[in-house]
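Asker: According to this note's numbering, the residues represented by the sequence shown are 12 to 472, in order. Glycine residues also receive a C-beta, built at the ideal position from the N, C-alpha and C atoms.
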Amino acid sequence: MDAVLSYFLAMPDWIQLGNLIRRYEKIYEALHGYAILGTLYSHGIQQKYELQMYLRVLRELAAHGFDEVLCYRVGEEVNVKPGWLPVKGDDFHRVVSAFKQAGVDILYLRSMDWWRQQSLRIVEIGEDLYVEIPVQPVFEHKLTLVKLYDGKKLEKLTSDIEIYELGESELEALRNAGYQHMDVARYIFKAMSPPEYLRLAGRICYYAAEIYDKHDYPIQTLNPYVEDGVTSVLVMRGDIPEAKQYRMPGRLKGDINQYDPLYCYVSTLHRETSIVFNPNLERFSGGPLLDEIYRLALAGELIYKEPEEGGERRGSGVYSLNTSAAGKELVRLIGESNHRVLREVIMPRLGEELYLIVVGGGGRGVYELCDPPTEYVPTALLAKAMDLDGEIMKAIDEAVEAGAPEYLLTIESGWTMVERDWWFRYALAVVPKKISLNKGVYFDENIRAGVVSHLVDLLSG
Numbered sequence: 012m013d014a015v016l017s018y019f020l021a022m023p024d025w026i027q028l029g030n031l032i033r034r035y036e037k038i039y040e041a042l043h044g045y046a047i048l049g050t051l052y053s054h055g056i057q058q059k060y061e062l063q064m065y066l067r068v069l070r071e072l073a074a075h076g077f078d079e080v081l082c083y084r085v086g087e088e089v090n091v092k093p094g095w096l097p098v099k100g101d102d103f104h105r106v107v108s109a110f111k112q113a114g115v116d117i118l119y120l121r122s123m124d125w126w127r128q129q130s131l132r133i134v135e136i137g138e139d140l141y142v143e144i145p146v147q148p149v150f151e152h153k154l155t156l157v158k159l160y161d162g163k164k165l166e167k168l169t170s171d172i173e174i175y176e177l178g179e180s181e182l183e184a185l186r187n188a189g190y191q192h193m194d195v196a197r198y199i200f201k202a203m204s205p206p207e208y209l210r211l212a213g214r215i216c217y218y219a220a221e222i223y224d225k226h227d228y229p230i231q232t233l234n235p236y237v238e239d240g241v242t243s244v245l246v247m248r249g250d251i252p253e254a255k256q257y258r259m260p261g262r263l264k265g266d267i268n269q270y271d272p273l274y275c276y277v278s279t280l281h282r283e284t285s286i287v288f289n290p291n292l293e294r295f296s297g298g299p300l301l302d303e304i305y306r307l308a309l310a311g312e313l314i315y316k317e318p319e320e321g322g323e324r325r326g327s328g329v330y331s332l333n334t335s336a337a338g339k340e341l342v343r344l345i346g347e348s349n350h351r352v353l354r355e356v357i358m359p360r361l362g363e364e365l366y367l368i369v370v371g372g373g374g375r376g377v378y379e380l381c382d383p384p385t386e387y388v389p390t391a392l393l394a395k396a397m398d399l400d401g402e403i404m405k406a407i408d409e410a411v412e413a414g415a416p417e418y419l420l421t422i423e424s425g426w427t428m429v430e431r432d433w434w435f436r437y438a439l440a441v442v443p444k445k446i447s448l449n450k451g452v453y454f455d456e457n458i459r460a461g462v463v464s465h466l467v468d469l470l471s472g
């Protein structure tokens with residue numbers, strides 16, 4: 012049953028936007044006058060800033076064809092019922108567009124947690140749907156709602172996702188994570204399997220991408236991958252107000268409250284990682300690192316090197332490390348255990364051919380960072396799920412003509428200053444392989460890591 016949100020407010024007033032704008036413009040002018048006189052401090056300055064943004068939202072709503080809003084005065088308790096996204100109807104899209112034009116999407120950008128985005132909170136009053144204006148200076152009113160006259164609720168994105176009570180495996184994972192509130196764990200948390208989490212993440216990311224593509228307005232997403240060694244996915248209950256008083260254990264993945272008011276924070280718990288890949292090249296710096304990388308390069312096969320111009324030191328190039336000599340040199344450099352993980356765990360999943368990219372000071376760079384081609388998005392995400400670089404690089408035309416792969420996926424990279432004003436960068440990379448998805452989802456039971464990318468299936472037919 013959906014929770015009921017309570018506000019200490021009076022009966023709501025329907026107010027014409029023009030009247031509301033004029034009323035708050037007078038308050039803003041007064042605050043601005045105090046600020047000029049130097050008599051506005053701390054909280055007052057914050058109120059002035061919030062009021063300015065609130066007025067921008069009201070003006071944009073009026074420009075987008077809305078005539079009135081529902082305002083609650085500070086006062087007695089009034090109940091509203093939480094709704095959820097997605098919502099159908101043109102009014103909803105007009106509201107989002109107005110929020111974007113007003114700059115609401117950057118209002119709390121610096122103060123938001125990295126795993127959360129600006130919310131679009133839907134509420135219900137009777138049979139009607141409303142969107143809450145997310146910025147509200149507290150003067151006469153505490154809450155302002157925009158009615159969606161043609162708004163219709165769609166099915167929850169969590170509707171057929173299996174979310175269940177904590178079992179012994181989840182409780183054991185919490186104990187192993189050192190969680191200190193085991194007495195309330197069954198009360199405040201529920202769980203889902205990693206593949207189910209990926210299904211849900213795919214739906215939410217796809218819907219959020221649609222909104223972003225249409226309005227350039229970011230809304231809450233979920234992390235599109237789970238890191239290796241995942242054992243459990245926890246979901247904090249959103250229908251229990253006291254639940255948020257407790258720490259959310261594990262690796263935070265997002266907040267699904269605006270998609271289902273029964274839940275809020277989502278996180279993953281992990282066993283000890285099965286992928287221990289740490290070349291530890293940080294033990295070198297400056298000239299010694301340059302020497303070690305070029306020693307590895309010389310053991311490989313040069314594919315393309317940037318030509319010298321006017322005697323300037325550049326040194327940018329790409330080398331194939333698929334020779335026995337390069338293999339032996341790589342073992343010497345990163346160690347036998349790291350080399351075994353690279354060859355037996357990482358490369359079979361991400362790509363079989365290994366390359367070394369080097370960029371010297373003043374060099375253009377043989378490979379440049381690019382947006383991943385659609386078919387390589389799951390591969391790049393899986394690399395990040397395996398705690399690797401996971402960046403897709405595209406070769407310059409001259410390198411491709413010389414026989415270099417068009418795209419490479421970075422596994423490990425670093426840089427150093429060799430001399431003053433002369434830097435050097437390197438990357439170990441593979442030719443990315445295409446990952447086979449099942450309805451947009453890939454989950455590897457052996458390493459307990461997975462990704463979701465619905466667009467790959469959609470665009471590939």
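(1) Could you tell me which of Asp455, Ser464, His465 sits nearest to Asp239, measuring between CA atoms?
(2) As a quick exercise: from Leu154, Pro97, His281, pick the residue whose alpha carbon is nearest that of Ser170.
(3) So Ser278 and Gly261 are supposed to be a Cβ contact under 8 Å. How far apart are they, rounded?
(4) Among Val146, Val85, Ala188, Gly189, which has the Cα closest to the Cα of Ala113?
(5) Rounded to the nearest angstrom, how far is the Cβ of Ile199 from that of Ile144, given a contact under 8 Å?
(6) Would the stretch 27-35 count as touching the stretch 68-85 if we require 3 or more Cβ pairs under 8 Å?
(7) For the 8 Å Cβ check, are there 3 or more pairs between the stretch 442-453 and the stretch 410-419?
(8) How would you call Ile47, buried or exposed, if buried means at least 16 neighbouring beta carbons within 10 angstroms?
(9) Please list, in chain order, all residues of the same chain as Lys395 whose beta carbon is under 7 Å from its beta carbon, the five residues on each side excluded.
(10) Taking the straight line between their C-alpha atoms, what separation do you get for Arg459 and Ala219?
(11) For the stretch 172-186 against the stretch 97-112, do three or more pairs of beta-carbon atoms, one drawn from each stretch, fall closer than 8 Å, so that the two count as touching?
(12) Rounded to a whole number of angstroms, what is the C-alpha to C-alpha distance between Ser243 and Arg354?
(13) As a quick exercise: from Ile407, Gly213, Ala188, pick the residue whose alpha carbon is nearest that of Leu245.
(14) Tell me the rounded alpha-carbon separation between Thr427 and Leu367.
(15) Can you have a look at Tyr160 and say buried or exposed, based on whether 16 or more other CB atoms are within 10 angstroms of its CB?
(16) Mind reading off the beta-carbon distance from Pro272 to Trp433? Whole number of angstroms is fine, and I expect it under 8 Å.
(17) Around the Cβ of Ile117, are there at least 16 other Cβ atoms within 10 angstroms (buried) or fewer (exposed)?
(18) Could you name the residues that DSSP lists as bridge partners for Asn449?
(19) Met393 and Arg351: beta carbons closer than 8 Å?
(20) Who are the Cβ neighbours of Leu380 in its own chain at under 7 Å, not counting the five residues just before and after it?
(21) Within a Cβ cutoff of 8 Å, which residues of the same chain sit near Pro206, ignoring the five residues on either side of it in sequence?
(22) Return the chain-ordered list of same chain residues with a C-beta closer than 7 Å to the C-beta of Lys158, the five sequence neighbours on each side being excluded.
(23) So, under 8 Å CB-CB, Val377 and Ala410 are touching, yes? Tell me the CB distance rounded to an integer number of Å.
(24) Tell me the start and end of each unbroken alpha helix (DSSP H) in the stretch 77-145 that is at least 4 residues and wholly inside, in chain order.
(25) Helix, strand or coil: which one does DSSP assign to Gly322?
(26) What does the Cβ neighbour count give for Leu307, buried or exposed, with the cut at 16 atoms within 10 Å?
(27) Can you tell me which of Tyr39, Ala109, Ile407, Arg294 puts its alpha carbon nearest to the alpha carbon of Ser327?
(28) Can you tell me the Cα-Cα spacing of Glu283 and Ser130, whole angstroms?
(29) Per DSSP, what are the beta-bridge partners of Met247 in this structure?
(30) When DSSP labels each residue in this structure, what does His75 get in the three-state scheme?
(31) Name the two residues that bound the continuous beta strand (DSSP E) containing Asp24.
(32) I believe Tyr274 touches Gly249 by the beta-carbon criterion, under 8 Å. Please report the beta-carbon distance rounded to the nearest angstrom.
(33) Which first and last residues belong to the alpha helix (DSSP H) in which Met428 is found?
(34) Measure the CB-CB distance between Ala415 and Tyr305 and report whether it falls below 8 Å.
(35) With DSSP as the reference, please indicate the residues paired to Asp266 in a beta bridge.
(36) Can you check the stretch 167-221 for any alpha helix (DSSP H) of at least 4 residues that lies completely inside it and give the ranges in chain order?
Answerer: Short version:
(1) Looking at the Cα atoms, Asp455 is the closest of the given residues.
(2) It is Pro97.
(3) 4 Å between Cβ atoms; contact.
(4) Scanning Val146, Val85, Ala188, Gly189 for the CA closest to the CA of Ala113 turns up Val146.
(5) With 8 Å as the limit, Ile199 and Ile144 do not qualify as a contact, their Cβ atoms being about 30 Å apart.
(6) The answer is yes - the stretch 68-85 touches the stretch 27-35, with three or more Cβ pairs under 8 Å.
(7) Cβ pair count under 8 Å is three or more, so yes.
(8) Residue burial is scored here from C-beta neighbours: Ile47 has fewer than 16 other C-beta atoms within 10 angstroms and is therefore classed as exposed.
(9) Once the five neighbours on either side are set aside, the close Cβ partners of Lys395 are Tyr236, Gly401.
(10) Their backbone Cα atoms lie some 26 Å apart in a straight line.
(11) Pairwise C-beta distances place the stretch 172-186 out of contact with the stretch 97-112, as fewer than three of them are shorter than 8 Å.
(12) Rounded to the nearest angstrom, the two C-alpha atoms are 28 Å apart.
(13) Closest option to Leu245, Cα to Cα, is Ala188.
(14) Straight-line Cα distance between these residues: approximately 16 Å.
(15) Flag for Tyr160 reads exposed.
(16) Wrong, their Cβ atoms sit about 57 Å apart, outside the cutoff.
(17) Classification for Ile117: exposed.
(18) Asn449 pairs with Val452.
(19) In the sequence as presented, Met is not what sits at residue 393; that position holds Leu. Against a cut-off of 8 Å, the Cβ pair of Arg351 and Leu393 comes out as no contact.
(20) Cβ neighbours of Leu380 beyond the five flanking positions: Glu402, Met404.
(21) Around Pro206: Val452, Phe454, Gly461.
(22) If you ignore the 5 residues before and after Lys158, its C-beta comes within less than 7 Å of the C-beta of Leu81, Asp139, Tyr141, all in its own chain and listed in chain order.
(23) About 5 Å; that satisfies the 8 Å criterion.
(24) Restricting attention to alpha helix (DSSP H) runs no shorter than 4 residues, the stretch 77-145 encloses them at 101-113, ordered along the chain.
(25) In this prediction, Gly322 scores a pLDDT of 48, lower than 50, which makes its location untrustworthy; the coordinate-derived value is nonetheless stated afterwards. In this structure, Gly322 counts as coil in the three-state DSSP scheme.
(26) Label assigned to Leu307: buried.
(27) By alpha-carbon distance to Ser327, the top candidate from Tyr39, Ala109, Ile407, Arg294 is Ile407.
(28) Straight-line measurement puts the Cα of Ser130 at about 34 Å from the Cα of Glu283.
(29) For Met247, which the question treats as bridged, DSSP gives the partners Phe200.
(30) Correct three-state label for His75: coil.
(31) First-last of the beta strand (DSSP E) with Asp24: 24-27.
(32) Contact between Tyr274 and Gly249 holds: CB atoms are separated by about 5 Å, below the 8 Å threshold.
(33) Counting along the chain, Met428 falls outside any alpha helix (DSSP H), though it belongs to the beta strand (DSSP E) covering 418-430.
(34) Remark: C-beta atoms of Ala415 and Tyr305 do not approach each other more closely than 8 Å.
(35) Its beta-bridge partners are Tyr276.
(36) Here the runs fully enclosed are 179-187, 196-199.
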